[in-house]
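For any residue, its number in our numbering is found by taking its place in the sequence shown, counting from 1, and adding 33.
Take a look at the structure set out below.
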Amino acid sequence: MDKTTDHTRREAAPVVPADDANLVSASRILLDGGLVAMPTETVYGLAADATNGRAVASIYTAKGRPSFNPLICHVADRAMAETCAVFSPLAHALADHFWPGPLTLVLPRAATCPVSELATAGLDTIAVRMPKSPAALELIRLVGRPLAAPSANPSERLSPTTAAHVAENLGDRIDLILDGGVCRAGLESTIIALTKTGAAMLRPGALARSGIELLTGLLTAPDPHAGIVAPGMMRRHYAPRAPLRLDAVDAREGESFLAFGAPPKGVTASLNLSERGDLEEAASNLFAMLRRLDATSNAIAVAPIPDTGLGEGINDRLKRAAARFPKDGV
Ligand code: TXA
Ligand code: MG
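Now the structure itself:
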């Protein structure tokens, strides 16, 4: 028989502080094939032992995610990363600069890689990241294996930036939720693929393009012929239920207005991503504010966000969230 325990997920998972004792309990659950939501500096992750195929499969089930969409493997240090992936000198340089932190590297899968094929969706590449959150790092160390962890939200819904968000949407499908407070960045990691021909940005995110390009040179868009399934290449993603109208300069009848900086004349902002027009602050508020407006209004108008720095990631998420709806929000 498979030694994975059948974690019956009918009751709501306990939400506990990410302290030492709870991290030890969480590591046991993970080693036993269970699912634990963990805080990271970007968003909450839904973690499983990446080397346990059944545990990984239960991530896909809990999220309702199409199984061809591969997962990020979270590591505690470079040595663990190198058991999973082949590091080129450029990959090492990027890791030296940006790890621990919100940079995910897509690299060739190492011959010795212990990660389940299901986590990498059968690709010959693997996405690895060393998160910055001390709780996440300690949890990975305690487990001693890479943790596969997508954002802890049902597929296509908004990513969670608090433990309460996770409890609300996935609580009855997982074993434990570690509460590490509000995620600092609030936007998922930036994903870079390193190939023989160069570096491509697969997903803009919490690390701005400009810093990365100092090391990589100009980042290209993903090569459509390379067979790389980039995240969010599924057009609709990160979506609230209410229709979203982007680059709005007014609020129409029935719409709530999500401002950035000073709202347009005559418009009352329902919420403001950042009153002082700070993109970092806006990124950290984005998902939580969309969630609040989604719960309280039937339609959301969002102010224009500059496309510089973290604005690239914010606009990417907003476009995907709006994708279901006609351009003009009619
Ligand atoms: O900030 C983050 O990255 C969060 C936290 C929890 O670490 N995680 C996260 O994971 O956003 P997820 O699974 O929601 O998004 C990871 C994306 C997937 O959409 C997938 O398409 C892409 O990474 N990915 C994973 N492995 C890949 C690979 N080998 N090649 C191309 N893309 C890959
Ligand atoms: Mg996600």
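By construction, the Cβ of each residue, glycine as well, lies at the ideal position given by its N, Cα and C atoms.
These figures come from a predicted structure and were not determined experimentally.
Between LEU209 and ALA152, the C-beta gap is not smaller than 8 Å, which leaves the two residues out of contact. As summarised for the stretch 329-353, the continuous beta strand (DSSP E) elements at least 3 residues long and confined to that stretch are 332-335, given in chain order. Taking all protein chains shown into account, VAL282 has fewer than 16 neighbouring C-beta atoms within 10 Å of its C-beta and is therefore exposed. Per DSSP, reduced to three states, the secondary structure at VAL49 is strand.
Here GLU288 has ALA332 and ALA334 as same chain residues with Cβ atoms under 6 Å from its own Cβ, once five neighbours each way along the sequence are excluded. Taking non-hydrogen atoms of ligand 1 into account, the C-beta of ALA284 is found less than 7 Å away from none of them. Beyond the five residues adjoining it in sequence on each side, ALA181 comes within less than 6 Å, by CB distance, of ALA81, ALA83, VAL89, LEU104, CYS106 and ALA152 in the same chain, given in chain order. Remark: C-beta atoms of ALA154 and CYS117 do not approach each other more closely than 8 Å. Residue range 78-82 is occupied by the beta strand (DSSP E) that includes ASP82. Remark: the C-beta of VAL76 is in contact range of ligand 1, defined as less than 7 Å to any heavy atom. A straight-line Cα-Cα distance of about 5 Å links PHE290 and ALA302. For ALA124, the uninterrupted alpha helix (DSSP H) run begins and ends at 122-131, by DSSP.
Partner residues in the beta bridge of THR137, as assigned by DSSP, are ILE224. VAL139 has its Cβ nearer than 7 Å to a heavy atom of ligand 1. Here DSSP, grouped into helix, strand and coil, assigns SER317 to helix.
According to DSSP, residue pairing for SER303 in a beta bridge does not occur. Between the stretch 66-76 and the stretch 161-172, the count of C-beta pairs closer than 8 Å reaches three or more; the two stretches touch. When C-beta atoms of the stretch 308-318 are compared with those of the stretch 173-188, fewer than three pairs fall below 8 Å, so the two segments do not count as touching. For ARG325 and LYS229, the gap between their C-alpha atoms comes out near 44 Å. Fully contained in the stretch 164-224 are the following beta strand (DSSP E) runs of length 3 or more, in chain order: 209-212.
Between the alpha carbons of SER330 and GLU286 lies a distance of about 11 Å. Comparing alpha carbon positions, the residue from PRO179, VAL215, LEU175 and ILE207 closest to THR194 is VAL215.
Rounded to whole angstroms, the separation of the alpha carbons of SER192 and ASN202 is 10 Å. In this structure PRO135 is in contact with LEU240, their Cβ atoms being roughly 5 Å apart against a cut-off of 8 Å. A straight-line Cα-Cα distance of about 10 Å links PRO47 and VAL69. In chain order, THR137, LEU235 and ARG236 place their CB closer than 6 Å to the CB of ILE224, counting only its own chain and leaving out the 5 sequence neighbours on each side.
The secondary-structure analysis by DSSP pairs ALA232 across a beta bridge with LEU227. Secondary structure note for CYS146: it is in no alpha helix (DSSP H), with a DSSP letter that is neither H nor E. Scanning GLY299, ALA295 and MET322 for the CA closest to the CA of ARG309 turns up ALA295. Exclusion of ILE347 from the 7 Å shell around ligand 1 follows from its C-beta lying no nearer than that to any non-hydrogen atom of the ligand. Residues LEU306 of the same chain have their beta carbon placed closer than 6 Å to that of ASN318, with the five preceding and five following residues left out of the count. According to the DSSP assignment, THR116 belongs to the alpha helix (DSSP H) that extends over 111-117.
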